[in-house]
Amino acid sequence: AGPNGTLIGLGVAFSLVKILQKRFNFTYDVVVPNKNFLGGGSTPEDSLIGLINATRILFATWWIFIILLSAFYTANLTAFLTLSKFTLDIEDPEDLYKKNYRWMSPEGGSVQYTVQSFKNYGSDRDYLPFVEGGGVLVKESISIDHLMYSDYVNKAKEGVLEADRCTYVMAPKPFMTKQRAFAYPHGSYLKELFDTVLIHILQAGIIEFLKLRDLPSTKICPLDLQSKDRQLRNSDLLMTYLIILVGLAAATAVFIGEVAFKRYICKTKSEEQPVHKKGKFRRSRKGRRDGSKPPPYDSLFGNPKYNIDATSKSKIINGREYYVYTASNGDTRLIPVRTPSAFLYR
Numbered sequence: 064a065g066p067n068g069t070l071i072g073l074g075v076a077f078s079l080v081k082i083l084q085k086r087f088n089f090t091y092d093v094v095v096p097n098k099n100f101l102g103g104g105s106t107p108e109d110s111l112i113g114l115i116n117a118t119r120i121l122f123a124t125w126w127i128f129i130i131l132l133s134a135f136y137t138a139n140l141t142a143f144l145t146l147s148k149f150t151l152d153i154e155d156p157e158d159l160y161k162k163n164y165r166w167m168s169p170e171g172g173s174v175q176y177t178v179q180s181f182k183n184y185g186s187d188r189d190y191l192p193f194v195e196g197g198g199v200l201v202k203e204s205i206s207i208d209h210l211m212y213s214d215y216v217n218k219a220k221e222g223v224l225e226a227d228r229c230t231y232v233m234a235p236k237p238f239m240t241k242q243r244a245f246a247y248p249h250g251s252y253l254k255e256l257f258d259t260v261l262i263h264i265l266q267a268g269i270i271e272f273l274k275l276r277d278l279p280s281t282k283i284c285p286l287d288l289q290s291k292d293r294q295l296r297n298s299d300l301l302m303t304y305l306i307i308l309v310g311l312a313a314a315t316a317v318f319i320g321e322v323a324f325k326r327y328i329c330k331t332k333s334e335e336q337p338v339h340k341k342g343k344f345r346r347s348r349k350g351r352r353d354g355s356k357p358p359p360y361d362s363l364f365g366n367p368k369y370n371i372d373a374t375s376k377s378k379i380i381n382g383r384e385y386y387v388y389t390a391s392n393g394d395t396r397l398i399p400v401r402t403p404s405a406f407l408y409r
């Protein structure tokens with residue numbers, strides 16, 4: 064021990080002690096126990112506590128990881144499933160070909176110049192049963208808007224719930240864009256008569272007004288509801304339920320396998336192995352331990368190395384009481400008096 068006493072510390076404490084040593088000029092010794100009560104010994108009793116602590120730390124780390132993962136997964140899943148913006152399978156004309164969708168268009172429309180052999184119907188509403196069956200109606204966008212609005216109004220009059228009124232939606236991108244124009248014969252005076260009037264009508268917005276006159280100001284059945292949240296349903300969590308069931312089934316199978324392996328295979332191997340002689344360290348027969356609690360100190364350190372009796376001198380250092388013991392080689396040892404620290408040096 065140093066002349067000014069001994070200070071025992073770990074980790075950051077050693078750094079502070081070194082700083083104080085340079086400032087106040089004192090010395091210190093570190094007493095290292097000869098027995099490690101946290102495990103790592105040469106006997107099963109010595110390593111039992113370390114095994115238990117390692118299992119607890121592993122379980123706590125795994126549990127914290129699962130909690131954080133579940134929190135992020137739940138938050139992201141809820142935000143995704145309650146998103147009020149929907150997507151369609153068909154956005155471009157190529158989607159009709161790649162995904163093999165059935166489509167239809169009335170005869171005499173703008174699509175007639177591209178594809179022939181159409182099945183004609185008297186009213187646009189006659190196409191709706193085909194759309195409900197999975198078909199795609201290809202028609203002018205303004206006609207589709209009028210058709211969807213008419214169907215929405217009829218369902219509202221019939222008392223259909225608001226969530227079930229939007230049966231049809233329109234693709235966000237047009238399939239085809241064509242320009243319309245008037246053709247005049249060469250040298251005709253019709254060009255001078257009509258062009259001036261048509262230019263004024265277009266610039267005044269009369270044609271655009273007539274197109275949207277019977278339609279509401281808001282978009283009918285939009286894909287993006289924006290601020291309107293959608294209610295979360297059980298069908299949205301179907302994949303989550305399946306993952307949980309698969310995980311529980313896998314855990315049950317592993318548990319049954321472990322029980323069968325421990326009960327039959329390990330039992331057969333233990334019966335085949337010869338019985339070894341009893342070693343020096345024996346378990347106490349007074350009571351059977353289940354392995355969940357650490358063994359008592361007396362079973363770990365049965366033979367005291369330092370003989371401390373009534374003649375041993377005690378000394379108070381840094382507010383704590385120690386026994387001063389002189390080893391056979393002349394080294395001075397400090398042994399704490401208070402339990403359970405004193406058991407480390409027995």
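Take 64 as the starting number for the sequence shown in the numbering used here and just add one per residue.
Heads up, the beta-carbon is just placed ideally off N, CA and C, and yes, glycines get one too.
Leaving out five residues before and five after residue i in sequence, what residues of the same chain have Cβ atoms less than 7 Å from its Cβ?
i, result
"Leu159", "Ile153, Trp166 and Val199"
"Ile205", "Lys274"
"Arg383", "Pro399"
"Lys81", "none"
"Phe238", "Pro156 and Val201"
"Thr389", "Thr395"
"Glu255", "none"
"Phe193", "Met167"
Is residue i near residue j, with beta carbons less than 8 Å apart?
i, j, result
"Val232", "Cys284", "yes"
"Leu286", "Pro235", "yes"
"Phe257", "Phe245", "yes"
"Leu203", "Thr230", "Just to set this straight, residue 203 is Glu in the shown sequence, not Leu. For Glu203 and Thr230, no; Cβs fall outside 8 Å."
"Ser173", "Lys241", "yes"
"Leu278", "Asp208", "yes"
"Lys218", "Arg228", "yes"
Across which residues does DSSP place residue i in a beta bridge pair?
i, result
"Ser133", "For Ser133, which the question treats as bridged, DSSP gives no partner whatsoever."
"Leu200", "Met167"
"Thr389", "Thr395"
Short of 8 Å in beta carbon distance, which residues of its chain neighbour residue i, apart from the five on each side in sequence? Order them along the chain.
i, result
"Arg188", "Leu210, Ser213 and Asp214"
"Ile270", "Ile264"
"Leu151", "Val232, Ala234, Pro235 and Leu286"
"Lys162", "Asp152 and Ile153"
"Gly268", "none"
"Gly222", "none"
"Leu261", "Phe245"
How is residue i classed by DSSP in three states: helix, strand or coil?
i, result
"Thr106", "Model confidence at Thr106 stands at a pLDDT of 48, short of 50, so the residue's coordinates are unreliable; what they give is reported in the following sentence. DSSP places Thr106 in coil when its eight states are reduced to three."
"Glu221", "coil"
"Arg188", "helix"
"Ile380", "strand"
"Gln175", "helix"
"Leu151", "coil"
"Gln242", "coil"
"Ala231", "In the sequence under discussion, the amino acid at residue 231 is Tyr, which differs from the Ala named in the question. Looking at Tyr231 - three-state DSSP - the assignment turns out to be coil, as it is neither helix nor strand."
"Tyr304", "helix"
"Val90", "With the sequence shown as reference, residue 90 is identified as Thr, and Val is not the correct amino acid for it. Thr90: coil per DSSP, three-state reduction."
"Lys162", "coil"
"Lys445", "Beyond the ends of the chain as shown, which are 64 and 409, falls residue 445; an answer cannot be given."
"Tyr215", "helix"
"Leu83", "helix"
"Val400", "coil"
"Pro156", "helix"
"Arg296", "coil"
"Leu286", "coil"
Beta-carbon within less than 6 Å of residue i's beta-carbon, same chain only, minus the 5 sequence neighbours each way: which residues are those?
i, result
"Tyr252", "none"
"Lys376", "Val387"
"Pro107", "The predicted position of Pro107 is uncertain, since its pLDDT is 46 and thus under 50; a value taken from the coordinates is nonetheless stated next. Cβ within range, chain order: n/a, list empty."
"Ser105", "Below a pLDDT of 50, predicted positions are generally treated as unreliable, and Ser105, at 47, falls in that range; no measurement from the model is reported."
"Tyr164", "Val199"
"Glu321", "none"
"Arg119", "none"
Measuring only between beta-carbons, confirm whether residue i sits less than 8 Å from chain C.
i, result
"Ile270", "The chain labelled as chain C is not found in the depicted structure, where only one protein chain is given."
Tell me the start and end of each unbroken alpha helix (DSSP H) in the region 249 to 282 that is at least 4 residues and wholly inside, in chain order.
-> 253 to 267 and 269 to 274
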